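There are 2 protein chains.
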Amino acid sequence: MAVTHLSCRECGSEYELTAQYVCHRCFGPLEVKYDHGALADDVASLRRRIQSGPQNIWRYVDFLPLVEGQPGPSARHLSRVGLPAGCTPLVRADRLAERLGLKDVWVKNDAHNPTHSFKDRVVSVAAARARELGFDTLACASTGNLANAVAAAAAALGMPSYVFIPADLEEQKILATGVYGTNLVKVRGNYDEVNRLCTEISGEQDTWAFVNVNMRPYYAEGSKTLAYEIAEQLGFRTPDRVVAPIASGSLYTKIAKGFDEWRELGLIAGGAPIMNGAQALGCSPVATAFAAGTDVCRPVKPDTIAKSLAIGNPADGPYAIELANRSGGGVDSVDDDEIRAGIRLLAETTGIFTETAGGVTTATLAKLAARGDIDPDETVVLVITGEGLKTLDAVRGTFEAHEIEPKFDAFESTVLSVPAHRATA
Amino acid sequence: MAVTHLSCRECGSEYELTAQYVCHRCFGPLEVKYDHGALADDVASLRRRIQSGPQNIWRYVDFLPLVEGQPGPSARHLSRVGLPAGCTPLVRADRLAERLGLKDVWVKNDAHNPTHSFKDRVVSVAAARARELGFDTLACASTGNLANAVAAAAAALGMPSYVFIPADLEEQKILATGVYGTNLVKVRGNYDEVNRLCTEISGEQDTWAFVNVNMRPYYAEGSKTLAYEIAEQLGFRTPDRVVAPIASGSLYTKIAKGFDEWRELGLIAGGAPIMNGAQALGCSPVATAFAAGTDVCRPVKPDTIAKSLAIGNPADGPYAIELANRSGGGVDSVDDDEIRAGIRLLAETTGIFTETAGGVTTATLAKLAARGDIDPDETVVLVITGEGLKTLDAVRGTFEAHEIEPKFDAFESTVLSVPAHRATA
């Protein structure tokens, strides 16, 4: 096992690997630290070990915050419990590239996870660590993807779970959560109030693991696996640029951390990728701060169709801005119409149907390309974090259909008489 | 390449590997034939070749009806075009087994495909063969899963496509199809009328490949990959029993064909599995005929929530009944309430959320177990063919939720005061 301790991102204070998430000295967020020195001795065999591992995130167990077992938890064993996430496709998107005037664009399709979002990665890690620490119940505050992931993971593990949501959440998300037999708690308030209530409850219910509260340092580490997979799928090298969404800023910064860890070990070739963050204009505190040249993200009240990115007060905002500057990237925002167009563009050119968050990243990539920010020869990875079936409303009115009587004549006169729609046209 | 010709299932007449689907002599359906003799010489190396193949159906290219290239199409090349399907998880379901009084139950989760149903398998094969044959347009008649799969595959391949649907189809299915930029044709009629129109059009539009009309012999072969994967995932052996849904009967019979091919080659251990077919009571022509001891399936007018299984006049019904008898299995049906309960049972015990068709197979497995038809020591595979997000309506009203003010007191008095819901209880 390589994981060593928790460390405060602000003051560097060190803590043991418990369910603590805030620094007792300065109230800064805690992050997991590792000692990978022993792995650096033989990176060739490490690469082979990874490649012969299971087809899920547990092939990267040496880089995840689990401590049980000697010499560490078994990737094979972890793969047999719960709902293994990850090893999602990295698809070469030549027709998308062509439409954008680029040459080498790849789509990392994380809708291809058990509950169809990247949240399965972070929940898998949080749940595994929660079991190591002896918690008997999983919980979370969520507005959708996380609710699905926690309820499903708990069902797969045979653990009881409590999922807290705003009472006015869309019925679709409620149905796709309640089906797993979770204890669903509708809270009469907005997401911030739900979150505050969960923080309070996590202080009282000492056998409950709130994946995004007291498990947060472990939970967040799950996002690094996106970087590991991208690098492995590109042949153990980094891409030149990554376009990823920013909600809390955790996913965006953890992807960079994943590349950094492997580069430091010499496990992969290539430099640190340029990191572009993507926000919806209706909830863009990080993009606004980046444009203003500050790292202070002023909280906003979200008003966007990209609800899974609608965090008005992003916890990792300052770290996201620091990364955007350090990597030579940036943080952009796109409006709701651009988001809908982004969903269509991705679907028509790749056959991948993403939710609104993926529309945000696709539209941001298109904006960067149109602005000339991207060298056409760059290898660019577009991170798609969720599934279009979860936000079907965003697609309504974006296409037309023929309507005919069930007769060949009607087909000929109505359908054949007009040019075929070609996505590439 | 091992594929040799098309053969009539009724009179045995042989035909070349064209886009023909009906016997010119007796109007029987045509099926693809192979000569796998050369593969039998060294099954150990064949097994290794399969295992080192890509993580999708093209690892089984030797058993699929593609002819291009010397010595045959490359699995790696096929994997780089389109939307590779398959290699979906086979999950050990111990808690489901326990609830049913069984010991060794596995779930083959085919919702884990690019458009979240097994239709991606058959469309992948039909599209690849259509391109070999020089067709320039993909088409289908569908009421849902197939529409999604064809529109997405065409978008990924950069081909124009035409998808014909009944005009009164649910808006959800229309949105999840139109997003891909297909030419969507709403036909004012029921599914049978749509299907007849497509058969007529396929006779006129000689550059169009209707995956489930003129491509049907190739298309149907894609379902065999479910058997190959199950056998490989069990360590190159057959399960004792498979429970699979029956709509047209094609999937059910092709799974058996897949096991038979590999058993004949000596590639896998174990006998031919007992095959149990599952239908919805509101559309159960095959179950009704099986119970009556005849192989004549009298057409019915479907009335069930399991719309993806609602084929009132199943083309492969007689072959399905023959298989049920030959394998020692049977064909059962379950009503809409049992289907809803099946969806909940699977979700609560495995974390897998399936559509109504999966509710049919899960409820049928439960019925077989309750009836004592299954020896507890049998290895049983439950085939889940689609995703719960596509039939959310079936879940409404199947669970309860708490509703509280955003205060700890309210949580304590309303939520903590009642026993936690435990899926295993």
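For the protein sequence lines, the chains are A and B, in the order given.
The letter at position 181 of the first sequence is residue 180 when you use numbering that gives the first Met the number 0, and the numbering goes up by one with no holes.
The letter at position 297 of the second sequence is residue 296 when you use numbering that gives the first Met the number 0, and the numbering goes up by one with no holes.
Cβ coordinates follow ideal geometry from the N, Cα and C atoms, glycine included.
In this text, all values refer to a predicted model and were calculated from it rather than measured experimentally.
Self-check item: Val210 (chain A) and Ala125 (chain A) closer than 8 Å at C-beta
Solution: The residue you call residue 210 (chain A) lines up with position 211 of the first sequence. The residue you call residue 125 (chain A) lines up with position 126 of the first sequence. Against a cut-off of 8 Å, the Cβ pair of Ala125 (chain A) and Val210 (chain A) comes out as a contact.
Quiz item: Can you tell me where the alpha helix (DSSP H) with Ile229 (chain A) in it begins and where it stops?
Solution: As a working mapping, residue 229 (chain A) is identified with position 230 in the first sequence. Unbroken alpha helix (DSSP H) run through Ile229 (chain A): Lys223 to Gln232.
Practice problem: With DSSP collapsed to three states, give me the class of Phe163 (chain B). | Solution: Here the question's residue 163 (chain B) lines up with position 164 in the second sequence. Correct three-state label for Phe163 (chain B): strand.
Exercise. Check whether the Cβ of Ile200 (chain A) lies closer than 8 Å to any Cβ atom in chain B.
Key: Numbered from its first residue, the first sequence carries residue 200 (chain A) at position 201. So, interface residue.
Quiz item: Are any of the Cβ atoms in chain B nearer than 8 Å to that of Lys102 (chain A)?
Solution: Stepping through the first sequence from its first residue, residue 102 (chain A) is reached at position 103. No, its Cβ sits nowhere closer than 8 Å to a Cβ of chain B.
Quiz item: Listed from N- to C-terminal order along the chain, which residues in the segment 49–62 of chain B have their beta-carbon within a distance smaller than 7 Å of any beta-carbon of chain A?
Solution: Listed by position along the chain: Gln54.
Quiz item: Any Cβ of chain B within less than 8 Å of the Cβ of Gln278 (chain A)?
Solution: The count along the first sequence starts at 1 and reaches residue 278 (chain A) at position 279. When Cβ-Cβ separations below 8 Å define contact, Gln278 (chain A) makes no contact with chain B.
Practice problem: Identify, in the order they occur along the chain, each residue of the same chain with its Cβ nearer than 6 Å to the Cβ of Phe117 (chain B), setting aside the five sequence neighbours on each side. | Solution: In the second sequence, the residue the question calls residue 117 (chain B) occupies position 118. For Phe117 (chain B), where only same-chain residues beyond five positions count, the Cβ hits under 6 Å are Asp109 and Thr384.
Practice problem: Could you list the residues in the segment 225–248 of chain B with a C-beta less than 8 Å from some C-beta on chain A, going in chain order? | Solution: Cβ contacts with chain A come from no residue of the segment 225–248 of chain B.
Quiz item: Taking all protein chains shown into account, do 16 or more other C-beta atoms lie within 10 angstroms of the C-beta of Cys296 (chain B), making it buried, or fewer, making it exposed?
Solution: Position 297 of the second sequence holds residue 296 (chain B). Buried, because 16 or more other Cβ atoms sit within 10 Å of the Cβ of Cys296 (chain B).
Quiz item: Should Ala424 (chain A) be labelled buried (16 or more other beta-carbon atoms within 10 Å of its own) or exposed?
Solution: Residue 424 (chain A) sits at position 425 when you count from the first residue of the first sequence. The predicted model places Ala424 (chain A) with a pLDDT of 41, which falls under 50 and marks its position as unreliable; any figure quoted below should be read in that light. The residue in question, Ala424 (chain A), is exposed, as its Cβ has fewer than 16 Cβ neighbours within 10 Å.
Self-check item: Contacting positions in the segment 179–193 of chain A - beta carbon closer than 8 Å to chain B
Solution: Within the segment 179–193 of chain A, the residues whose Cβ lies closer than 8 Å to some Cβ of chain B are Tyr179, Gly180, Thr181, Asn182, Leu183, Val184, Lys185, Val186, Arg187, Gly188, Glu192 and Val193, listed in chain order.
Quiz prompt | Ser247 (chain A) (DSSP reduced to helix, strand or coil) | solution = Against the first sequence, residue 247 (chain A) aligns to sequence position 248. DSSP places Ser247 (chain A) in coil when its eight states are reduced to three.
Practice problem: Excluding the 5 residues preceding and the 5 following Ala1 (chain B) in the sequence, name in chain order all residues of the same chain whose CB lies nearer than 8 Å to its CB. | Solution: For the purposes of this step, residue 1 (chain B) is identified with residue 2 of the second sequence, where counting begins at 1. So the qualifying residues of the chain are Tyr33, Asp34, His35, Ala37, Leu38, Asp61, Phe62 and Gly71.
Quiz item: How would you list, in chain order, the residues of chain C whose beta-carbon sits under 9 Å from the beta-carbon of Ile342 (chain B)?
Solution: Going by chain labels, chain C is absent from the structure shown, which instead holds the protein chains A and B.
Self-check item: Residue range of the beta strand (DSSP E) that includes Val432 (chain A)
Solution: Within the shown structure, residues of chain A are numbered from 0 to 424, placing residue 432 (chain A) beyond reach of any answer.
Self-check item: Local conformation of Ser123 (chain B) per DSSP, three classes
Solution: Here the question's residue 123 (chain B) lines up with position 124 in the second sequence. Judged by DSSP in its simplified three-state form, Ser123 (chain B) adopts helix.
Self-check item: Beta-carbon proximity of Val42 (chain A) to Val242 (chain A), cut-off 8 Å
Solution: Stepping through the first sequence from its first residue, residue 42 (chain A) is reached at position 43. Stepping through the first sequence from its first residue, residue 242 (chain A) is reached at position 243. Cβ distance not < 8 Å, so Val42 (chain A) and Val242 (chain A) don't count as in contact.
Self-check item: Same chain only: Cβ atoms within 7 Å of Leu266 (chain B), ignoring 5 sequence neighbours per side
Solution: Along the second sequence, read from residue 1 onward, the residue named residue 266 (chain B) stands at position 267. For Leu266 (chain B), where only same-chain residues beyond five positions count, the Cβ hits under 7 Å are Val42, Leu45, Arg46 and Phe235.
Quiz item: Measuring CA to CA, which of A:Ala148, A:Val31 and A:Ser6 is closest to Cys22 (chain A)?
Solution: Numbered from its first residue, the first sequence carries residue 22 (chain A) at position 23. Out of A:Ala148, A:Val31 and A:Ser6, A:Ser6 has the C-alpha closest to the C-alpha of Cys22 (chain A).
Quiz prompt | Close beta carbons around Tyr227 (chain B), own chain, < 6 Å, minus the five adjacent residues each side | solution = Within the second sequence, numbered from 1, the residue matching residue 227 (chain B) stands at position 228. Cβ within range, chain order: Tyr59 and Gly257.
Practice problem: State the Cα-Cα distance for the pair Asp259 (chain B) and Ala230 (chain B), rounded to the nearest angstrom. | Solution: Translated into positions along the second sequence, residue 259 (chain B) becomes position 260. Translated into positions along the second sequence, residue 230 (chain B) becomes position 231. Each residue's alpha carbon lies about 11 Å from the other.
Practice problem: Leaving out five residues on either side along the sequence, give the residues of the same chain with a beta carbon under 7 Å from the beta carbon of Asp239 (chain A). | Solution: If you number the first sequence from 1, residue 239 (chain A) lands on position 240. So the list reads Pro272, Ile273, Glu377, Thr378 and Val379, once near-sequence residues are dropped.
Quiz prompt | Beta-carbon proximity list for Gly358 (chain B), same chain, < 6 Å, skipping 5 on both sides | solution = Locating residue 358 (chain B) in the second sequence gives position 359, counting from the first residue. Take Gly358 (chain B), set aside five residues on each side of it, and the residues of its chain with a beta-carbon closer than 6 Å to its own are Ile338, Gly341 and Ile342, in chain order.
Quiz item: Are Ser160 (chain B) and Thr181 (chain B) closer than 8 Å when you measure CB to CB?
Solution: Within the second sequence, numbered from 1, the residue matching residue 160 (chain B) stands at position 161. Within the second sequence, numbered from 1, the residue matching residue 181 (chain B) stands at position 182. With contacts defined by Cβ atoms closer than 8 Å, Ser160 (chain B) and Thr181 (chain B) form a contacting pair.
Self-check item: Residues that Arg75 (chain B) contacts on chain A, provided the C-beta gap is smaller than 8 Å
Solution: Translated into the one-based positions of the second sequence, residue 75 (chain B) becomes position 76. Those do not exist, as Arg75 (chain B) stays about 13 Å from chain A at its closest Cβ, beyond 8 Å.
Exercise. Determine the direct distance from the alpha carbon of Val178 (chain B) to that of Thr397 (chain A), and round the result to whole angstroms.
Key: Position 398 of the first sequence, counted from the start, is the residue given in the question as residue 397 (chain A). Position 179 of the second sequence, counted from the start, is the residue given in the question as residue 178 (chain B). Rounded to whole angstroms, the gap between the alpha carbons of Thr397 (chain A) and Val178 (chain B) is 8 Å.
Quiz item: In chain B, what lies closer than 8 Å to Ile403 (chain A) by C-beta?
Solution: On the first sequence, position 404 is the one that residue 403 (chain A) refers to. Neighbours of Ile403 (chain A) on chain B, chain order: Val184, Lys185, Val186 and Arg187.
Quiz item: Does the distance from the CB of Pro375 (chain B) to the CB of Lys102 (chain B) come in under 8 Å?
Solution: What you label residue 375 (chain B) is simply residue 376 of the second sequence in a count that begins at 1. What you label residue 102 (chain B) is simply residue 103 of the second sequence in a count that begins at 1. Taking 8 Å as the cut-off, the beta carbon of Pro375 (chain B) is found closer than this to the beta carbon of Lys102 (chain B).
Self-check item: Closest Cα partner of Ser249 (chain A) within the set A:Leu233, A:Leu308, A:Ala279 and A:Thr303
Solution: Stepping through the first sequence from its first residue, residue 249 (chain A) is reached at position 250. Nearest C-alpha to Ser249 (chain A) among A:Leu233, A:Leu308, A:Ala279 and A:Thr303: A:Leu308.
Practice problem: Identify the contact partners of His420 (chain A) in chain B, using a Cβ-Cβ distance below 8 Å as the criterion. | Solution: As a working note, residue 420 (chain A) is residue 421 in the first sequence. Under the 8 Å cutoff, chain B gives Pro159, Gly180, Thr181 and Asn182.
Exercise. Report the three-state DSSP secondary structure of Ala400 (chain B) (helix, strand or coil).
Key: As a working note, residue 400 (chain B) is residue 401 in the second sequence. Ala400 (chain B) sits in coil when the DSSP states are folded into three classes, being neither helix nor strand.
Quiz item: Can you name the residues of chain B whose CB is closer than 8 Å to the CB of Ala305 (chain A)?
Solution: Along the first sequence, one-based indexing puts residue 305 (chain A) at 306. None at all; the shortest Cβ gap to chain B is about 16 Å.
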